[in-house]
Amino acid sequence: MNQKNSIHSIEIEKIDDYRWRIPKTGKMKTDGVIYADEKMLEDIRNDQSLLQVTNVAWLPGIVGHSLAMPDIHWGYGFPIGGVAAFDLKEGVVSPGGVGYDINCGVRLMRSGLTRSDIEDKIGALVDTLFINIPSGVGGHRKDLKLNREKEKKVLLNGAEWAVNQGYGTEEDLEHIEERGCLQNADPSLVSEKALRRGAAQLGTLGSGNHFVEIGFVSDIYDQELAKALGLEEDQVTIMVHTGSRGLGHQVCDDYIRIMLQSSAKYGIELPDKQLCCAPVDSEEGRRYLGAMACAANYAFANRQVITHWVRETMEQVMKIGPKDLQLDLIYDVCHNIAKIEEHVVHGEKKKLCVHRKGATRAFPPHHPDVPGDYRLAGQPVLIPGDMGRYSYVMVGTERAFKETFGSTCHGAGRVMSRRKAVKAAKGRSIVRELKDRGITVRSVGKTTIAEEMPEAYKDVTDVVNVMHNAGIGRKVARLRPMGLIKG
Amino acid sequence: MKKYEFIDHTADLGLEIYGKDLKELFENAGEALFEVICDLSQVAESMKKRVVVDGEDLEQLMVTWLGELLYLHDVQGSLFKRFEIEEIGDKSLKATVYGEKFKAGHHTVKTEIKAVTYHQIKVRQEEDRWTSRVILDL
Chain A
1 MNQKNSIHSI
11 EIEKIDDYRW
21 RIPKTGKMKT
31 DGVIYADEKM
41 LEDIRNDQSL
51 LQVTNVAWLP
61 GIVGHSLAMP
71 DIHWGYGFPI
81 GGVAAFDLKE
91 GVVSPGGVGY
101 DINCGVRLMR
111 SGLTRSDIED
121 KIGALVDTLF
131 INIPSGVGGH
141 RKDLKLNREK
151 EKKVLLNGAE
161 WAVNQGYGTE
171 EDLEHIEERG
181 CLQNADPSLV
191 SEKALRRGAA
201 QLGTLGSGNH
211 FVEIGFVSDI
221 YDQELAKALG
231 LEEDQVTIMV
241 HTGSRGLGHQ
251 VCDDYIRIML
261 QSSAKYGIEL
271 PDKQLCCAPV
281 DSEEGRRYLG
291 AMACAANYAF
301 ANRQVITHWV
311 RETMEQVMKI
321 GPKDLQLDLI
331 YDVCHNIAKI
341 EEHVVHGEKK
351 KLCVHRKGAT
361 RAFPPHHPDV
371 PGDYRLAGQP
381 VLIPGDMGRY
391 SYVMVGTERA
401 FKETFGSTCH
411 GAGRVMSRRK
421 AVKAAKGRSI
431 VRELKDRGIT
441 VRSVGKTTIA
451 EEMPEAYKDV
461 TDVVNVMHNA
471 GIGRKVARLR
481 PMGLIKG
Chain B
1001 MKKYEFIDHT
1011 ADLGLEIYGK
1021 DLKELFENAG
1031 EALFEVICDL
1041 SQVAESMKKR
1051 VVVDGEDLEQ
1061 LMVTWLGELL
1071 YLHDVQGSLF
1081 KRFEIEEIGD
1091 KSLKATVYGE
1101 KFKAGHHTVK
1111 TEIKAVTYHQ
1121 IKVRQEEDRW
1131 TSRVILDL
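Protein chains in written order, with my numbering: chain A, 1 to 487; chain B, 1001 to 1138.
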């Protein structure tokens, strides 16, 4: 079946119910492949994200297809929900393929509590989280100050730095993508400006869609996998979503500026300035990857520090010790990152530079990078939805490893712009509406809650079902929110 | 003449900025940026700061100018409301900006901006005015 896209005249061919191909034309070096169902595709056509999938296919050394997950939407340069892998010799690395919030990501903790244990304490829990975990302008805790020397250690060692300072345990590290530390970090490649922005923001949530959310397991889709991940029905869970804050934004900004020059220098033709890039195997490419790793490590440390304060908050309010709380980290995943990974291309093992921008790594069972206790289940994948509905836990699959360089979706994706959401919320109290649905929410930002209202997002179930039905991830459980803090 | 407009972008926010000349265009861009961040009517002009930035062309200069203001906001908590461009060429500008530091309880921050992007960036001279389009990552 051929369908002409009248808006952007991008031709789309149906591969199967969940896969669509944009055939290579013009300067594209490969096809684009989009994971979506027919109904979603209609929405996707309404913005410029399909054009962005074709733009990414222009870049030199792209391996396989220019991929898009079902939560695809218009980003800058790369679409959000975009995955692209590049050859280490012929290919490029692009800061716009990672995004400003380097290693924005999600982590999930399970607990020894059930929903009924906390129902009457949810107000106190949310208020205490709000006090203990800073967000908003200039908010940071007095007991966590980074001098330059310490900050550089954070950039080098990531979550391990935090654990060494007493924020969490060695066991946490086993349950973080890359054990919470990218090895090629070089703080000398991070600008003075980035370091200054990072100095006072470690252990802060930031604003927008970032959150700490207390929820419970409402549905289990696969008992065996749920058991492997330590999840059971009605169990209380806590999810943290944040990234590398101003430090990461500045690293991205600094290197985009550098790569605007290098694209010209290496004769790379760009359909959009924001796609600027340099060969992976070049001075500029190596420097970006070294600086990006620093920002990624900062983000891992940030989520680790916040996790510690979440545990303290729960102990403080529930008046029970860590042994009863059992707030164990299930997993921590990045969804804005570029990594050097080994994949199989045309039957041969090959190292590639995989960009995931608004996409989550989803490695299959038995992959050596999957923690030992999940080796048979596959890597846990955490997909947050909007604050009023639900989030999902999935695991990676062999098919994802073969088709999408071991990647899947990362969230719901917006359907309404922030301004439209604020307009739609006028005269309403979103806080009250959520309260009526049994969800307590607090935020510093006056407009944040309106911008983030549930109907501003797609139903994450649709996104997750496409991935599950396409075999690019397997559904394990669904979580429903009870209380959360927003930046 | 309108100084600026906000344009919808699903995940983020676009600015459409106007000015009779380059100087005014860049001044209005600064104001638009802080209009997104806070309620400018709450901000006093008790502090001033000198800002000097450069870029390879006018479009990059627009991104580095707004990026510098955002950096000062992020690191020092500065809120700026008045912008005086003293010198501007294709590759650099010098300005003095006026405002005050963020005070919790007094100022409300509407939106936190992550970054000023190069995506679809545009600085153009039309018949009788200059226009610019900038997309912000929120």
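Positions of the beta carbon are idealized from the N, C-alpha and C atoms, including for glycine. Everything numeric in this text was worked out from a predicted model, so none of it was measured.
Nearest to residue i by alpha carbon, out of the options?
i: Arg19(A); options: Gly487(A), Lys426(A), Thr404(A) and Ser417(A); result: Thr404(A)
i: Lys319(A); options: Phe130(A), Lys121(A), Arg287(A) and Asp328(A); result: Lys121(A)
i: Gln235(A); options: Asp328(A), Ala377(A), Arg45(A) and Cys104(A); result: Asp328(A)
i: Arg191(A); options: Pro134(A), Gln250(A) and Thr237(A); result: According to the sequence displayed, residue 191(A) carries Ser and not Arg. Out of Pro134(A), Gln250(A) and Thr237(A), Gln250(A) has the C-alpha closest to the C-alpha of Ser191(A).
i: Gly267(A); options: Trp74(A), Arg286(A), Pro279(A) and Arg257(A); result: Pro279(A)
i: Glu151(A); options: Val83(A), Leu144(A) and Ala199(A); result: Ala199(A)
i: Gly406(A); options: Met387(A), Pro364(A), Glu315(A) and Gly427(A); result: Pro364(A)
i: Ala228(A); options: Met394(A), Glu13(A), Lys435(A) and Ala424(A); result: Met394(A)
i: Leu484(A); options: His346(A), Gly372(A), Thr313(A) and Asp254(A); result: Thr313(A)
i: Glu1087(B); options: Ile1007(B), Leu1013(B) and Lys1023(B); result: Lys1023(B)
i: Ala1029(B); options: Trp1065(B), Tyr1118(B), Ala1104(B) and Lys1049(B); result: Trp1065(B)
i: Tyr1071(B); options: Ser66(A), Tyr457(A), Phe401(A) and Asp254(A); result: Asp254(A)
i: Pro271(A); options: Gln1120(B), Ile1113(B), Phe1026(B) and Val1063(B); result: Gln1120(B)
i: Ala185(A); options: Ser94(A), Ser116(A), His175(A) and Gly290(A); result: Gly290(A)
i: Gln261(A); options: Lys89(A), Leu376(A), Gly285(A) and Arg45(A); result: Gly285(A)
i: Glu341(A); options: Thr25(A), Gln326(A), Asp369(A) and Gly26(A); result: Asp369(A)
i: Gly445(A); options: Arg361(A), Leu182(A) and Pro134(A); result: Pro134(A)
Can you tell me which of the three DSSP states residue i falls into?
i: Gly1019(B); result: strand
i: Ile306(A); result: helix
i: Pro95(A); result: helix
i: Leu259(A); result: The sequence given here places Met at residue 259(A); Leu does not occur at that position. In the structure shown, Met259(A) sits in a helix (DSSP, three-state: H, G or I).
i: Phe1026(B); result: helix
i: Pro490(A); result: Summary: the structure shown does not reach residue 490(A), with chain A confined to residues 1 through 487, and so no result is reported for it.
i: Gln1042(B); result: helix
i: His468(A); result: helix
i: Lys1049(B); result: strand
i: Arg19(A); result: strand
i: Gln1125(B); result: strand
i: Glu1112(B); result: coil
i: Val190(A); result: coil
i: Asn209(A); result: coil
i: Glu160(A); result: helix
i: Lys27(A); result: coil
i: Lys475(A); result: strand
i: Arg107(A); result: strand
i: Met69(A); result: strand
i: Pro79(A); result: coil
According to the Cβ coordinates, are residue i and residue j closer than 8 Å?
i: Ile214(A); j: Leu125(A); result: yes
i: Val56(A); j: Ile34(A); result: no
i: Lys399(A); j: Pro454(A); result: This sequence places Arg at residue 399(A); Lys is not what is there. Not a contact, by the Cβ cut-off of 8 Å.
i: Ala412(A); j: Gly82(A); result: no
i: Leu247(A); j: Gln183(A); result: no
Ordered along the chain, which non-local residues of its own chain (more than five positions away) have a Cβ less than 7 Å from that of residue i?
i: Val431(A); result: Val441 and Ile449
i: Asp1012(B); result: Ile1135, Leu1136, Asp1137 and Leu1138
i: Gln1076(B); result: Lys1101
State the Cα-Cα distance for the pair residue i and residue j, rounded to the nearest angstrom.
i: Ser218(A); j: Gly378(A); result: 21 Å
i: Thr1096(B); j: Phe1080(B); result: 10 Å
i: Glu283(A); j: Lys351(A); result: 19 Å
i: Asn5(A); j: Pro371(A); result: Any answer about Asn5(A) is weak, because its pLDDT of 39 lies below 50 and its placement is not dependable; what the coordinates show is given next. Whole-angstrom Cα-Cα distance: 43 Å.
i: Thr461(A); j: His1009(B); result: 24 Å
i: Met1(A); j: Val354(A); result: Low confidence applies to Met1(A): its pLDDT is 35, below 50, so where it sits in the model is not reliable, and the reading given next is rough at best. Taking the straight line joining both Cα atoms gives about 31 Å.
i: Lys265(A); j: Met259(A); result: 9 Å
i: Cys294(A); j: Ser1092(B); result: 30 Å
i: Phe1006(B); j: Lys1094(B); result: 26 Å
i: Glu451(A); j: Phe130(A); result: 19 Å
i: Lys339(A); j: Glu119(A); result: 41 Å
i: Gly396(A); j: Lys142(A); result: 40 Å
i: Pro322(A); j: Glu315(A); result: 7 Å
i: Gly473(A); j: Glu42(A); result: 23 Å
i: Pro95(A); j: Asp324(A); result: 43 Å
i: Leu67(A); j: Lys14(A); result: 15 Å
i: Asp1057(B); j: Glu433(A); result: 49 Å
i: Arg478(A); j: His367(A); result: 24 Å
For residue i, which residues from the same chain have a beta carbon less than 8 Å from its beta carbon, with the 5 sequence-adjacent residues on both sides left out?
i: Gly243(A); result: Asp101, Ile102, Asn103, Cys104, Gly105, Gly206, His210, Ala299, Asn302 and Asn336
i: Lys1110(B); result: Val1036, Ile1037, Cys1038 and Asp1039
i: Val345(A); result: Val63, Gly64 and Leu352
i: Gly438(A); result: Met482
Taking 8 Å as the CB-CB cut-off, is residue i touching chain C?
i: Lys1110(B); result: Going by chain labels, chain C is absent from the structure shown, which instead holds the protein chains A and B.
Can you list, in chain order, the residues of its chain with a C-beta nearer than 6 Å to that of residue i? Leave out the 5 residues immediately preceding and following it.
i: Ser49(A); result: Ile72, His73, Trp74 and Pro79
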